[in-house]
Amino acid sequence: MDDVLSSEVVVIGGGAIGAATAYYLCKEGAEVMIVEAEDLAAGASGACDGFLSLQTKQLGSHLEMAMESIKLFPEIAKDLEAEIEYNPCGGLMLATTQEQMKELRARAKKLKASGLEVEVLSAADLKNYMPEMGKNVKGASYCPQDAQVNPIKLTLGLAQKAQEMGATILKGVKVENIVVTNNRVREVNTSEGSIHSRRVVCAAGTGSNQIGKMIIVDIPVMPQRGQILVTAAREPVLKTIVYGAEYLGTKASIDELMPKEEEALKLGLGFTAEQTASGNILLGSTREFAGFDNQTTPEAINAIAKNAINYMPWIKDADVIRSFAGLRPYSPDGLPIMGTVKGVRGFYIATGHSGDGICLAPITGKLISELVLDGETSLDISPFSLYRFK
Amino acid sequence: MKGKPAFTPEVIEEAWERAKEAPVALIDCREEIPCNPCEDACAKGAITVGPNICAPPMFDPGKCNGCGKCALLCPGMAIILLDRSGGVGAVRVSVPYEMRETLTAGEEAWAVDNEGKALGRGKIIKVSGKDEVGGTRLVTLEVPQDWALKVKGVSGRKLLIEVPEEVEEAPRQQDFLLCRCEEVRVSSVREAVGLRFRSLGALRRYSRVGLGICQGRFCQSMLRDKLVGESMMEHAAAGIFKVRPPVRPVSLSRLGGENG
Chain L
723 MDDVLSSEVV VIGGGAIGAA TAYYLCKEGA EVMIVEAEDL AAGASGACDG FLSLQTKQLG
783 SHLEMAMESI KLFPEIAKDL EAEIEYNPCG GLMLATTQEQ MKELRARAKK LKASGLEVEV
843 LSAADLKNYM PEMGKNVKGA SYCPQDAQVN PIKLTLGLAQ KAQEMGATIL KGVKVENIVV
903 TNNRVREVNT SEGSIHSRRV VCAAGTGSNQ IGKMIIVDIP VMPQRGQILV TAAREPVLKT
963 IVYGAEYLGT KASIDELMPK EEEALKLGLG FTAEQTASGN ILLGSTREFA GFDNQTTPEA
1023 INAIAKNAIN YMPWIKDADV IRSFAGLRPY SPDGLPIMGT VKGVRGFYIA TGHSGDGICL
1083 APITGKLISE LVLDGETSLD ISPFSLYRFK
Chain G
51 MKGKPAFTPE VIEEAWERAK EAPVALIDCR EEIPCNPCED ACAKGAITVG PNICAPPMFD
111 PGKCNGCGKC ALLCPGMAII LLDRSGGVGA VRVSVPYEMR ETLTAGEEAW AVDNEGKALG
171 RGKIIKVSGK DEVGGTRLVT LEVPQDWALK VKGVSGRKLL IEVPEEVEEA PRQQDFLLCR
231 CEEVRVSSVR EAVGLRFRSL GALRRYSRVG LGICQGRFCQ SMLRDKLVGE SMMEHAAAGI
291 FKVRPPVRPV SLSRLGGENG
């Protein structure tokens, strides 16, 4: 970059959130530059499962946002040249104790009141969904609006489409400083030179804390590790995405749904299973704090395998061919951090989506695009303000 | 355990003895590749690969009836048949053959060793299987006892020392399978390269290369050479595929077991 670059908007981060933001900004005709330190989907967006889960969202704005987001997926799937493997397959949340069942029933009532389709199923009903359930599975809540997508293809597809609409994507370019004068963003200094821009979106996921420091703002995002096992590809056996109630317990800190064993609690273990378009089954997952270490661990692999057999005994003979771990941008309350920053005009935050980044990417991109270009959003995002933590 | 690893001297000895009575298979497979058609081919249960698909086969010559199905199905052409029932002096060796040239019973052909070097001439006794391009045939040669065990194949070409012959170059395969596990062709990789990735890790996400059973250990050197060769990327930028446990397929029940 010999010449000084400039762009109407700079989006920091080439993950699902950054790509979606660039996509919606380009749709409105904005001039956009994505600055990505490594490569597209190199962080959490490239190391996660493809759950588009509605029934696990916190009641209120979080759920409302997710429901709006899920409506955008069919449009996006149609609009992108790339196949994103969007599949409105529905989702099953399995309960293994009566206590969990009771909690799921109560939750289903509240979710329904918020307009989500949820059905409580007995153990006998589950026969229609899977070859065999674990003996201790007592029932489930089923949400037909839950879906799945290929998160990598989604991210790449959105970025590619944005590029076609005129966006510039800089890869391997690290943001080193953000110049603010007269309370306004002016310039982004990178490892490859400076970019003049009066609007900067921080969609840097786990790197957001570092970016915040550049404008002396504490964005409380830290990496939370999730480990996932991958089985060999096989014929379609899973009709829906599947999770255990403990997954919701560890995700939303619901006491009644927390794992009982100490080891599982330590790992933040919660069962998830999905079969991807390629036929592999992804089995998860954990919620651990291990800094930026994205290795998989024997303890977690062992625990995930044991847990999976517990819920779906028929899977015991499946071959695991590899494992991976992703670092989710965790915020203190598990909710996204979105909005403007006091005293720094032109700086917008779109991060901290924790484990919901893929599901919330379209709506986040759309709302942040509105915020950047119009100064207001079609959905109230004040509950996601940075200042809720203070 | 059923049988012993097929290429151990003990098993070869046992097969050699058994070949006195009737045809028997001789399996020269020691590469730990994910492959097990031989196991399914054997109706007698003489060959076992077992749950670890990368393991070399176990073989029990005592159970083998010399049907030759395994030799026809082995993708690596690593199995031959041995038959010494005809008496002292001449041993019959049956080897798989997939080349274009037609071999005819009654004529002679060159027997070759593991590296394709000519061992000597042998009389073609029988050619079974369909004689078509790409099809596998089983060619039975009669060869002297002293080098019978070295025979791994047969050459249908007239060898150059006999009559020099213009060798017609086969059309080059443009779109070969680069990643066998995920069945990714080199054209898909080129397409992904169009997106200007920065590392092998990114290419993996773009094209699924190296996301399969071997996690890229088999294809990555070829991939790197190909990409560097075509100036698609700098060697230094290529990096290596991260390999995460398990490094071989392991069943969930084993992973979840108490012994981990």
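As they're listed, the protein sequences go chains L and G. Here the first sequence is numbered in my numbering, starting from 723 and rising by one per residue. Here the second sequence is numbered in my numbering, starting from 51 and rising by one per residue. Heads up, the beta-carbon is just placed ideally off N, CA and C, and yes, glycines get one too.
On a CA-only basis, which of G:Leu228, G:Arg142, G:Ile174 is nearest G:Thr154? Give me that one, please.
G:Ile174
With C-beta atoms as the reference, is L:Leu1049 less than 9 Å away from L:Gly782?
no
Per the contact definition of three or more C-beta pairs closer than 8 Å, is the stretch 149 to 164 of chain G in contact with the stretch 101 to 114 of chain G?
no
When L:Glu841, L:Arg908, L:Ile1023 are compared against L:Arg827, the one with the closest alpha-carbon
L:Glu841
Under a three-way DSSP split, which group does G:Ile290 fall into?
coil
Which class does G:Ser144 belong to by DSSP, given the choice of helix, strand or coil?
strand
Short of 7 Å in beta carbon distance, which residues of its chain neighbour L:Phe1111, apart from the five on each side in sequence? Order them along the chain.
Pro942, Pro1054
Determine the extent of the beta strand (DSSP E) in which G:Ile129 is found, giving its start and end residues.
129 to 133
Could you check which residue in L:Ala846, L:Ala869, L:Glu758 has the C-alpha nearest to that of L:Asn858?
L:Ala846
Mind reading off the beta-carbon distance from L:Phe1069 to L:Ile917? Whole number of angstroms is fine, and I expect it under 8 Å.
Their Cβ separation, rounded to whole angstroms, is 14 Å, which puts L:Phe1069 and L:Ile917 out of contact at 8 Å.
For G:Ala252, go through chain L and note every residue whose CB falls closer than 9 Å to its CB, in chain order.
Ordered by position in chain L, the residues that pass the 9 Å Cβ test against G:Ala252 are Glu760, Asp761, Leu762, Ala763, Ala764, Gly768, Lys893.
For L:Pro1058, I'd like the list of residues in its chain whose CB is within less than 6 Å of its CB, leaving aside the five on either flank, ordered along the chain.
Taking L:Pro1058 as the centre and dropping the five residues before and after it, the same chain places the C-beta of Gly1074, His1075, Phe1106 closer than 6 Å to its C-beta, in chain order.
Could one say the Cβ of G:Gly310 lies closer than 9 Å to chain L's Cβ atoms, at least one of them?
With a pLDDT of 38 at G:Gly310, under the threshold of 50, the modelled position of this residue cannot be trusted, and the question is left open.
What residue does the alpha helix (DSSP H) around G:Pro59 start on, and which one ends it?
Per DSSP, G:Pro59 belongs to the alpha helix (DSSP H) from 59 to 68.
From the beta carbon of L:Asp1039, is the nearest beta carbon of chain G less than 9 Å away?
yes
With DSSP run on the structure shown, which of helix, strand or coil describes L:His918?
strand
Assumed close pair L:Lys995, L:Met1034 - CB separation to whole angstroms, cut-off 8 Å
A quick correction: the sequence has Ala, not Lys, at residue 995 of chain L. About 7 Å; that satisfies the 8 Å criterion.
Mind checking L:Ser903: buried by the 16 CB within 10 Å criterion, or exposed?
In the sequence under discussion, the amino acid at residue 903 of chain L is Thr, which differs from the Ser named in the question. Only exposed fits L:Thr903, as fewer than 16 other CB atoms lie within 10 angstroms of its CB.
Where does L:Glu854 land, buried or exposed, given buried means 16+ other C-beta within 10 angstroms?
exposed
Does the stretch 1086 to 1100 of chain L come close enough to the stretch 75 to 94 of chain G that 3 or more CB-CB pairs lie under 8 Å?
no
Is it buried or exposed, L:Lys832, if we count other Cβ atoms within 10 angstroms and call 16 or more buried?
exposed
At least one CB of chain L closer than 9 Å to the CB of G:Glu158: is that the case?
no
Could you list the residues in the stretch 291 to 305 of chain G with a C-beta less than 9 Å from some C-beta on chain L, going in chain order?
Lys292, Val293, Arg294, Pro295, Pro296, Val297, Arg298, Pro299, Val300, Ser301, Leu302, Ser303, Arg304, Leu305
If you measure from the beta carbon of L:Asn1029 to each beta carbon in chain G, is any gap under 9 Å?
By this cut-off, L:Asn1029 is an interface position.
Euclidean distance between Cα positions of G:Gly260 and L:Ile1043:
12 Å
Taking the alpha carbon of G:Gln199 as the point to measure from, which residue in G:Val293, G:Arg294, G:Asp133 has its own alpha carbon closest?
First, the amino acid is wrong: residue 199 of chain G is Leu here, not Gln. Per the Cα distances, G:Asp133.
Range covered by the beta strand (DSSP E) that runs through G:Ser205
From DSSP, the beta strand (DSSP E) with G:Ser205 extends over 203 to 205.
List, in chain order, every chain G residue whose beta-carbon is nearer than 7 Å to that of L:Arg956.
In chain order: nothing, as chain G lies at least about 12 Å away.
Check whether the stretch 290 to 307 of chain G and the stretch 1019 to 1038 of chain L are in contact - that is, three or more C-beta pairs closer than 8 Å.
yes
Under a Cβ-count criterion, where at least 16 other Cβ atoms within 10 Å of its own Cβ denotes burial, should G:Pro299 be classed as buried or exposed?
buried
Would you please verify whether the beta carbon of L:Ser1007 is less than 9 Å from any beta carbon of chain G?
Output row for L:Ser1007: interface = no.
For L:Thr928, does the three-state DSSP call read helix, strand or coil?
Helix, per DSSP.
C-beta atoms of G:Val293 and G:Gly266 nearer than 9 Å:
yes
Continuous alpha helix (DSSP H) assignments of at least 4 residues falling wholly in the stretch 1004 to 1039 of chain L:
If we require 4 residues or more, the alpha helix (DSSP H) runs fully inside the stretch 1004 to 1039 of chain L come out as 1020 to 1033.
Inter-residue spacing [alpha-carbon to alpha-carbon] between L:Tyr808 and L:Ile1103:
26 Å
Is the separation between the beta-carbon of L:Arg1009 and that of L:Lys973 shorter than 9 Å?
yes
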